[in-house]
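Student:
2 protein chains.
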Amino acid sequence: MTHRPINFSAGPAILPQPVLEEASAAVSALPDLGLSILEISHRSPTFAAIIDDARARLTRLLAIPDTHDLLFLQGGARGQFAQIPTNFLGRDQQAGYVMTGVWSEYALTEAQRIGTARVVASGREDGYTSLPRLDTLDPSELAYIHTTSNNTIYGTQFQRLPDFGHTRHVCDMSSDILSRPVDVSRFSLIYAGAQKNCGPAGVTLVIVDKAWMREAPEGVPAIWRYQTQATKGSMYNTPPTFAIYVVGLVAKWIEEQVGGLAAMAERNRGKAQLVYDAIDNSKGFYVPNVGDPSHRSLMNVGFRTSGGDECDARFVSLAAEEGLSGLKGHRLSGGLRASIYNAMPRDGVETLVGFMERFRKT
Amino acid sequence: MTHRPINFSAGPAILPQPVLEEASAAVSALPDLGLSILEISHRSPTFAAIIDDARARLTRLLAIPDTHDLLFLQGGARGQFAQIPTNFLGRDQQAGYVMTGVWSEYALTEAQRIGTARVVASGREDGYTSLPRLDTLDPSELAYIHTTSNNTIYGTQFQRLPDFGHTRHVCDMSSDILSRPVDVSRFSLIYAGAQKNCGPAGVTLVIVDKAWMREAPEGVPAIWRYQTQATKGSMYNTPPTFAIYVVGLVAKWIEEQVGGLAAMAERNRGKAQLVYDAIDNSKGFYVPNVGDPSHRSLMNVGFRTSGGDECDARFVSLAAEEGLSGLKGHRLSGGLRASIYNAMPRDGVETLVGFMERFRKT
Chain A
8 MTHRPINFSA
18 GPAILPQPVL
28 EEASAAVSAL
38 PDLGLSILEI
48 SHRSPTFAAI
58 IDDARARLTR
68 LLAIPDTHDL
78 LFLQGGARGQ
88 FAQIPTNFLG
98 RDQQAGYVMT
108 GVWSEYALTE
118 AQRIGTARVV
128 ASGREDGYTS
138 LPRLDTLDPS
148 ELAYIHTTSN
158 NTIYGTQFQR
168 LPDFGHTRHV
178 CDMSSDILSR
188 PVDVSRFSLI
198 YAGAQKNCGP
208 AGVTLVIVDK
218 AWMREAPEGV
228 PAIWRYQTQA
238 TKGSMYNTPP
248 TFAIYVVGLV
258 AKWIEEQVGG
268 LAAMAERNRG
278 KAQLVYDAID
288 NSKGFYVPNV
298 GDPSHRSLMN
308 VGFRTSGGDE
318 CDARFVSLAA
328 EEGLSGLKGH
338 RLSGGLRASI
348 YNAMPRDGVE
358 TLVGFMERFR
368 KT
Chain B
8 MTHRPINFSA
18 GPAILPQPVL
28 EEASAAVSAL
38 PDLGLSILEI
48 SHRSPTFAAI
58 IDDARARLTR
68 LLAIPDTHDL
78 LFLQGGARGQ
88 FAQIPTNFLG
98 RDQQAGYVMT
108 GVWSEYALTE
118 AQRIGTARVV
128 ASGREDGYTS
138 LPRLDTLDPS
148 ELAYIHTTSN
158 NTIYGTQFQR
168 LPDFGHTRHV
178 CDMSSDILSR
188 PVDVSRFSLI
198 YAGAQKNCGP
208 AGVTLVIVDK
218 AWMREAPEGV
228 PAIWRYQTQA
238 TKGSMYNTPP
248 TFAIYVVGLV
258 AKWIEEQVGG
268 LAAMAERNRG
278 KAQLVYDAID
288 NSKGFYVPNV
298 GDPSHRSLMN
308 VGFRTSGGDE
318 CDARFVSLAA
328 EEGLSGLKGH
338 RLSGGLRASI
348 YNAMPRDGVE
358 TLVGFMERFR
368 KT
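In structure tokens:
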């Protein structure tokens, strides 16, 4: 393609170009084998090597300790919203949910269908444009606390992930996993739908404390028990083989081309800074969704023009004409949004910023 | 590839060559759009057209009536083993399971974790090499009866799908969906993991009676309630976009290249006949797993040589050298197995039969 658009979609989202090329070739035929990645058995030596490699690379990148297992599941973050309380919220227990957007709300509502869950902190009054204070939160007597690390719709992100001491911390990292180093040992469970920073839609990464996982009640249906998949190396049922393959390619790209998560984070900070600077230095022409820089997301930059909805719409359509796609804001927040995940190259962001400057001056 | 192997794998399994080529190109970039199928939003007009087309083609092919909904879900058949009783097996109800293999056993065991389910007919005593009689079965007072239409491990298949009158019939068609016409109106729920006859691993087709679906209790977690996905057009959460895209391509291939399910069934009967004839005319050299022709699967032909395990192993390795891959039997049944799903061309089967003749004579 000579005119490949620059993809600012919030997800399913941009993937690294070398990953797309290798995946495209593999859908035709895997080298040496001559069969498509889509048509090989998950029990074949070829796929065993693929899933082992993906697991090993993610384990190295995230420095997942021996105390935790990495699982490749199906069903997305929505599936985890139900699976977590099904495994970890007993009849006499309570879970605490930190509200930072509608996805936290969905997670809470689903947990409440299964057990007792309550809000322990919320940014709702603020339209979720800032993160709630957590320092006054009392985590004692909670089975776990659930947080969302990055909020795609509003453009907020915990720059420093909260620490709840000895209380178990469950974190939805769907939109910023692999964007920065994380101390996995501080979490009892991390989950992420792959389709933003990790790969295509259809596989969900779950990193779970082994000891905790074993505490889940026996009566839980086998397919929804984490322990079942852990025992079977994520192959209790036929896994989403192609999606796992692509996640492995993304992990390889981060390890070998980017140089790991510290380098990835540095790159992401630089990219986000470019967009936020373009907003903050626009003399009020661009208005950020999130004022406080310490609450701003490095993944999803939400903003609007001071010219109103019509001006925003013109921004989106002129940008699209110049090959910048996916800049319309989420229907809940309106305005504009640039999703600049891992795979967005710096020059893609520079092109956006150049367009923002020109648009402002016309 | 000049030497593409012929793929007799039981699943994930062979896909039509034109499907693989179109999918490979789309992973690089979709025509007109310039973005990969992996990186476009499930809310984009492009993907809306893809899922609508896949749904429309499957609805036409299977003649799905207005009384039923077609859903694209995640979690495989194993997920359905739990989701079905979660939705449809109330506290005071009983479900009946027809045992035709370990997959039926897994389905039963999972249902028993959720409610009351019992065996109503079983071929277990026979090592599942024949189908149990169903004419003496009393379906009354059962919430539903669960069957498995084709049994990949043993090589049995209901040539005529059973009819339980007014009792609700739930059928796992994972390994023979789209291989023949089916009267959908006779089923309350049909489900199928896509990775044998429909597409890649990672998407599960569910065809469900709308009225029944609405009866599921309110307390079921939203993600596991069929009604939730029906209301949202299978996009309650981010769907497995690529897998759905490939299923659509497979449906297009059946409609436009094969000529529909009656033609597909004719083709499948002819292919299976070739292999069964090679077995039955081998003067006892090849021994079929399933003796009664009316119980034999047209999808998975199980057999062994009369020369014992060593001879079987030699068959597998010599076949592989000639480009015939995946002929080893399942570990539970041993011996040999040729999976000849929809996408296996007749000349692939002819090559196999030619090899069988030559192997027999050496």
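Listed in order, the protein sequences are those of chains A and B.
Under the numbering used here, the letters of the first sequence match residues 8 to 369, in that order.
Under the numbering used here, the letters of the second sequence match residues 8 to 369, in that order.
The C-beta atom is built at its ideal place from N, Cα and C for all residues, glycine as well.
(1) So if DSSP puts Arg311 (chain A) in a beta bridge, which residue, or which two residues, is it bridged to?
(2) On a Cα-Cα basis, can you pick out the residue from A:Arg187, A:Ile91, A:Glu329 that is closest to Pro228 (chain A)?
(3) Whole angstroms is fine: what's the gap from Val26 (chain A)'s alpha carbon to Val257 (chain A)'s?
(4) Could you tell me the distance, in whole angstroms, from the CA atom of Val297 (chain B) to the CA atom of Tyr104 (chain B)?
(5) Rounded to a whole number of angstroms, what is the C-alpha to C-alpha distance between Leu334 (chain B) and Ser241 (chain A)?
(6) Closest Cβ-Cβ distance between Pro25 (chain A) and chain B: below 9 Å?
(7) Asn288 (chain A) CB to nearest chain B CB: under 9 Å?
(8) Find the nearest neighbour of Ala55 (chain B) within the set B:Gly83, B:Pro247, B:Ala218, judged by alpha-carbon distance.
(9) Quick check on Ala35 (chain B) - is its C-beta less than 9 Å from some C-beta in chain A?
(10) The alpha helix (DSSP H) with Thr174 (chain A) in it runs from where to where?
(11) Quick check: what's the CA-CA separation for Trp231 (chain A) versus Ala17 (chain B)?
(12) Hey, out of B:Val294, B:Gly342, B:His302, whose CA is closest to Glu317 (chain B)'s CA?
(13) Give the DSSP bridge partners of His153 (chain B), in chain order.
(14) List, from N- to C-terminal side, the beta strand (DSSP E) runs of 3 residues or more that fit wholly inside the region 209-279 of chain A.
(15) Report yes or no: do the region 195-211 of chain B and the region 33-49 of chain B share at least 3 C-beta pairs separated by less than 8 Å?
(16) Do you know how far the Cα of Ser192 (chain A) is from the Cα of Ile71 (chain A)?
(17) Just to confirm before moving on: does the CB-CB distance between Met271 (chain B) and Arg187 (chain B) stay below 9 Å?
(18) Using the Cα positions of Ile261 (chain A) and Arg64 (chain A), report the straight-line distance between them to the nearest angstrom.
(19) In chain A, which residues lie with their C-beta within 7 Å of the C-beta of Ile57 (chain B)?
(20) Quick check on this structure: which residue in A:Asn275, A:Ile184, A:Asn244, A:Ala201 has the alpha carbon closest to the alpha carbon of His49 (chain A)?
(21) Quick check: what's the CA-CA separation for Val126 (chain A) versus Gly309 (chain A)?
(22) Starting from Val34 (chain A), trace the alpha helix (DSSP H) both ways and give me its first and last residue.
(23) Would you say Leu40 (chain B) faces chain A, with C-beta separation under 9 Å as the test?
(24) Please classify Arg344 (chain A): does DSSP put it in a helix, a strand, or coil?
(25) Under 9 Å, Cβ to Cβ, is there at least one residue of chain B near Pro188 (chain A)?
(26) Is Val213 (chain B) closer than 9 Å to Leu80 (chain B) when the C-beta atoms are compared?
(27) By the criterion of Cβ-Cβ separation under 8 Å, what are the contact partners of Gly83 (chain A) in chain B?
(28) Taking just the CA atoms, how far does Tyr293 (chain B) sit from Thr235 (chain B)?
(29) Should Arg85 (chain B) go down as buried or exposed, given a rule of 16 or more other Cβ atoms within 10 Å for buried?
(30) Helix, strand or coil for Gly355 (chain B) per DSSP?
(31) By the three-class DSSP mapping on this structure, what secondary structure does Lys335 (chain A) have?
(32) Could you spell out the range, first to last residue, of the alpha helix (DSSP H) harbouring Ala55 (chain B)?
(33) I'd like to check one pair, Arg175 (chain B) with Leu149 (chain B): are the Cβ atoms closer than 9 Å?
(34) Excluding the 5 residues flanking Val356 (chain B) on each side, which residues of the same chain have their C-beta closer than 7 Å to its C-beta?
(35) How many Å lie between Gly162 (chain B) and Ala199 (chain B) at the Cα?
(36) Could you work out which residue in A:Cys178, A:Ala250, A:Leu305, A:Phe366 is closest to Trp110 (chain A) when comparing CA atoms only?
Tutor: Here's the rundown:
(1) Paired residue(s): A:Val294.
(2) Considering only alpha carbons, the answer is A:Ile91.
(3) 6 Å
(4) For the pair Val297 (chain B) and Tyr104 (chain B), the Cα-to-Cα distance works out to about 22 Å.
(5) 25 Å
(6) no
(7) no
(8) B:Pro247
(9) It should be noted that the sequence gives Ser, not Ala, for residue 35 (chain B). In terms of beta-carbon proximity, Ser35 (chain B) lines the interface with chain A, with at least one pair separated by less than 9 Å.
(10) Segment: none, Thr174 (chain A) is in no alpha helix (DSSP H) and carries neither H nor E.
(11) Those two C-alpha atoms are separated by around 25 Å.
(12) Of the listed residues, the one whose Cα sits closest to Glu317 (chain B) is B:Gly342.
(13) B:Tyr104, B:Val177
(14) 211-216
(15) no
(16) 8 Å
(17) yes
(18) 9 Å
(19) Simply none; closest approach about 12 Å.
(20) A:Asn244
(21) Here the C-alpha atom of Val126 (chain A) lies approximately 25 Å from the C-alpha atom of Gly309 (chain A).
(22) In the DSSP annotation of this structure, the continuous segment of the alpha helix (DSSP H) that includes Val34 (chain A) starts and ends at 24-35.
(23) yes
(24) Strand.
(25) no
(26) yes
(27) Gln81, Asn244, Thr245
(28) 50 Å
(29) Classification for Arg85 (chain B): buried.
(30) Helix.
(31) In the structure shown, Lys335 (chain A) sits in a strand (DSSP, three-state: E or B).
(32) Under the DSSP assignment, Ala55 (chain B) falls in the alpha helix (DSSP H) whose first and last residues are 52-69.
(33) Closer than 9 Å, so yes.
(34) Lys278, Leu281, Val282, Ile347
(35) 17 Å
(36) A:Cys178
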